[in-house]
Amino acid sequence: MVRPNDVSWLWIPALAALGRDDGANVNNNNKNTSRPLDAVAALIMLGVTLSWGFNQVSVKLTLPEIPPFIQATVRSTGAFAIIAVWARARGVSLDLRDGTLIGGILAGALFGIEFLLIYPALQFTAASRATLFIYTAPFIVALGSTALLGEKLRAPQWLGLVCSFAGLVVAFGVPDASGSGRQFIGDIMMIGAGIAWGATTLVIKGSNLRDARAEKVLAYQLAVSIPILALGVLLMGERMSAMPSAWALGWLAYQTIWVVSVTFAIWFALVQRYSASRRSAFTFLTPLFGVAWGHFVLGEPISWAFGVAVALVIAGLVLVNRPN
0 MVRPNDVSWL
10 WIPALAALGR
20 DDGANVNNNN
30 KNTSRPLDAV
40 AALIMLGVTL
50 SWGFNQVSVK
60 LTLPEIPPFI
70 QATVRSTGAF
80 AIIAVWARAR
90 GVSLDLRDGT
100 LIGGILAGAL
110 FGIEFLLIYP
120 ALQFTAASRA
130 TLFIYTAPFI
140 VALGSTALLG
150 EKLRAPQWLG
160 LVCSFAGLVV
170 AFGVPDASGS
180 GRQFIGDIMM
190 IGAGIAWGAT
200 TLVIKGSNLR
210 DARAEKVLAY
220 QLAVSIPILA
230 LGVLLMGERM
240 SAMPSAWALG
250 WLAYQTIWVV
260 SVTFAIWFAL
270 VQRYSASRRS
280 AFTFLTPLFG
290 VAWGHFVLGE
300 PISWAFGVAV
310 ALVIAGLVLV
320 NRPN
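Reading the sequence shown from the start, the letters are residues 0 to 323 in numbering that gives the first Met the number 0.
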């Protein structure tokens, strides 16, 4: 258990709640990778998705002062430094000779590609449309888990996935074919990001990364994504003419410290312990939280369809997480 004098209480009590000791018997994880979410994991996922929903707003608030690829590169670099320090303090080895290197590079490349698409896409398309399209990820995970990882979804669980996606369609509206060419490009980029996100989850569960500590899994992805995102900065010729304000830097710090360094580590711990398709279905809450944050922070209107969407998404989650 996490000790009171252990620095882990600062930001990762959720891992202790999931039963990970300092010694972490990873063999037990393999026995649980297909189980439904328990009450503790569901509450943790609720907090994670709440944070991720606000992340879209924080990116939008930062973009006017910090270009997209610079923003993404700084975020990954800062988060990697935090994770490296954290891993050293916890005694977590980041050694590359444990058989995780190939999986780590592949997961990191997919992670980098995902954000290489997300950040510029938010300049082309509306945040609501972007959030809808990136949530093709749970379907990629569900299909991949069935075809590649041996997980089986029953009819009610497939119905739950469809129901949750229908909730997103109700919340955001059917994509408008009359949108501009730039908007269409942004939509396609977000679909690509969703595919990369889903593929990252499958790589983690299907490789030796499933037995690695969550800190190491995240460190791989951040380290590999840094040069990918930095290349985007060079290719796009991004630069800043002035020092960003404290407002923009504050939102960038939120993305770097909380979203990437904390919630992503928690997410990957859940990846190792619970059914990929059932856990990913829970992330359908994120776009709904994103709409709510957009309303309260950015003043975006919320229609009556939002209530219907919430009901559909919650119904879908109940169906997906029903025990056998």
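Think of the CB as a built atom: it goes at the ideal place given N, C-alpha and C, for glycine as much as any other residue.
Note down the Cα distance separating residue i from residue j, rounded to an integer number of angstroms.
i                 : j                 : result
phenylalanine 295 : tryptophan 266    : 26 Å
glycine 315       : leucine 284       : 10 Å
glutamine 156     : leucine 318       : 5 Å
glycine 52        : leucine 287       : 7 Å
glycine 46        : tyrosine 253      : 15 Å
leucine 62        : leucine 251       : 10 Å
isoleucine 379    : leucine 142       : Only positions 0 to 323 of the chain appear in the structure, and residue 379 is not among them; the question remains open.
glutamine 182     : glycine 149       : 37 Å
valine 309        : phenylalanine 132 : 17 Å
alanine 88        : glutamine 70      : 27 Å
methionine 189    : isoleucine 117    : 6 Å
arginine 128      : arginine 96       : 42 Å
arginine 334      : glycine 236       : In the structure as shown, the chain starts at 0 and stops at 323, and residue 334 therefore has no counterpart that could be examined.
leucine 230       : serine 240        : 20 Å
phenylalanine 138 : cysteine 162      : 12 Å
lysine 151        : leucine 115       : 32 Å
isoleucine 82     : serine 75         : 10 Å
serine 260        : proline 119       : 22 Å
aspartate 37      : alanine 154       : 21 Å
glycine 98        : arginine 272      : 20 Å
isoleucine 184    : glycine 306       : 30 Å
isoleucine 313    : methionine 44     : 13 Å
asparagine 31     : threonine 145     : Summary for asparagine 31: the model assigns pLDDT 47, below 50, so the residue's position carries little reliability; its value from the coordinates is reported in the next sentence. One C-alpha to the other measures close to 16 Å.
threonine 135     : glycine 166       : 13 Å
glutamate 113     : alanine 195       : 5 Å
serine 302        : alanine 41        : 27 Å
serine 92         : leucine 147       : 29 Å
Mind checking residue i: buried by the 16 CB within 10 Å criterion, or exposed?
i              : result
valine 39      : exposed
leucine 208    : buried
glycine 193    : buried
tryptophan 85  : buried
tryptophan 246 : exposed
methionine 242 : exposed
leucine 234    : exposed
leucine 160    : buried
asparagine 28  : Any reading at asparagine 28 needs caution, since the residue's pLDDT is 45, under 50, leaving its predicted position unreliable; the model's value is listed next. So asparagine 28 ends up on the buried side.
alanine 264    : buried
glycine 249    : exposed
glycine 191    : buried
proline 3      : Its pLDDT being 28, under 50, proline 3 is placed unreliably by the model, and the measurement read from it follows with that caveat. Classification for proline 3: exposed.
With a threshold of 7 Å, establish whether the CB of residue i neighbours any heavy atom of the ligand ADP.
i         : result
valine 73 : Ligands displayed in this structure: none; no statement on the ligand ADP is therefore possible.
Excluding five sequence neighbours on each side, which residues of the same chain lie with their C-beta closer than 8 Å to the C-beta of residue i?
i            : result
valine 56    : Ala126, Gly289, Trp292, Gly293, Val296 and Leu297
serine 244   : Glu64
threonine 48 : Phe281, Thr282, Leu284, Thr285 and Phe288
serine 177   : Any reading at serine 177 must be qualified, since the residue scores a pLDDT of 49, below 50, and its modelled position is unreliable; the value itself is stated next. Correct list: empty, nothing qualifies.
My understanding is that residue i touches residue j, with C-beta atoms under 8 Å, so please give their C-beta distance in whole angstroms.
i           : j             : result
leucine 228 : threonine 124 : In fact, because the Cβ distance is near 20 Å, the residues do not count as touching under 8 Å.
alanine 78  : threonine 255 : 5 Å
valine 169  : leucine 311   : 6 Å
valine 140  : glycine 197   : 5 Å
Leaving out five residues before and five after residue i in sequence, what residues of the same chain have Cβ atoms less than 7 Å from its Cβ?
i              : result
serine 50      : Trp257, Val258 and Thr262
glycine 111    : Val223, Ser224, Ile227 and Leu228
isoleucine 187 : none
leucine 158    : Leu318
threonine 130  : Gln55, Pro286 and Gly289
Within the same chain, show all residues whose beta-carbon is closer than 6 Å to that of residue i, passing over the 5 residues directly before and after it, in chain order.
i             : result
proline 66    : Glu237
leucine 201   : Gly143
glutamine 220 : Ala106, Gly107 and Phe110
glutamine 122 : none
threonine 199 : Ala106, Leu109 and Phe110
Between the segment 214 to 233 and the segment 93 to 106, can you find at least three pairs of beta-carbon atoms closer than 8 Å? yes
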